[in-house]
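Q: In our numbering, the protein residues as written are 68 to 255.
Ideal Cβ positions, reconstructed from N, Cα and C, are used throughout, including at glycine.
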């Protein structure tokens, strides 16, 4: 059975059985499909030198993913979840300029596929497709596509390589312990 079909069948079964009958969370399904590697912090730099940061972290016992994005000075915060009503993995995000993005996620040919519809503060809508492919444990390839008739265009119009970010050691404000004062030499 193809991975995308297997994924949809598992999601459909989870919905029919009340979602939790199998103990299947979004995280469980992602692990079964081999796409849980996306969780973590990622960073890339465009050809123009603009830095892009992505963060995906599990929340509510694996039933959702919190998404934080920073592209230059624009930040965005969102959530990925499974919509039982629509039997679809969805995402909704809002950015620091007021743009609302509604997206759907799928797995096709071993890649995560994100189809987005972005509405800016003036009501203008733009659609785009993004694929995420694991290169190795520390790298992923992200490609951007136009959406044509509801599907990704044949060729991508941009590619980026993201590197997994290692969580830095916690900063501490503690100062080193002071050495005990040396005992005064015998007083004269």
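Based on the DSSP secondary-structure assignment, which residues constitute the bridge partners of residue 124?
A: DSSP lists 133 as partners of residue 124.
Q: To which residues does DSSP link residue 148 through a beta bridge?
A: In the DSSP output, where bridge partners are listed per residue, residue 148 has 131 and 157.
Q: So residue 225 is in the beta strand (DSSP E); what residue range does that whole segment cover?
A: Taken as a continuous stretch (DSSP letters only), the beta strand (DSSP E) holding residue 225 covers 225-231.
Q: Let's test the definition: count the other Cβ atoms within 10 Å of the Cβ of residue 114 and tell me whether it reaches 16, buried, or not, exposed.
A: Residue 114 is exposed by the Cβ-count criterion.
Q: Count the CB pairs spanning the stretch 112-129 and the stretch 158-172 that are closer than 8 Å, and state whether there are at least three.
A: They do not touch, by the three-pair rule.
Q: Would you identify the three-state DSSP class for residue 98, choosing helix, strand or coil?
A: Note: residue 98 maps to helix in three-state DSSP.
Q: Tell me, please, which residues DSSP counts as bridged to residue 103.
A: Bridge partners of residue 103: none, in fact.
Q: Whole angstroms is fine: what's the gap from residue 144's alpha carbon to residue 132's?
A: Looking at the two C-alpha atoms, the distance is approximately 11 Å.
Q: Rounded to whole angstroms, what is the Cα-Cα separation between residue 206 and residue 225?
A: Cα to Cα, residue 206 sits roughly 17 Å from residue 225.
Q: If I follow the unbroken beta strand (DSSP E) through residue 200, where does it start and stop?
A: Counting along the chain, the beta strand (DSSP E) containing residue 200 begins and ends at 192-203.
Q: Does the separation of the CB atoms of residue 168 and residue 185 fall below 8 Å?
A: In this structure, residue 185 lies closer than 8 Å to residue 168 by Cβ.
Q: In the DSSP assignment, find the unbroken beta strand (DSSP E) run with residue 184 in it and report its ends.
A: Residue 184 -> beta strand (DSSP E) spans 178-186.
Q: Quick check: what's the CA-CA separation for residue 107 versus residue 153?
A: Computed Cα separation, rounded: 27 Å.
Q: I'd like to confirm the pairing. Which residues does DSSP put opposite residue 173 in its beta bridges?
A: In the DSSP output, where bridge partners are listed per residue, residue 173 has 180.
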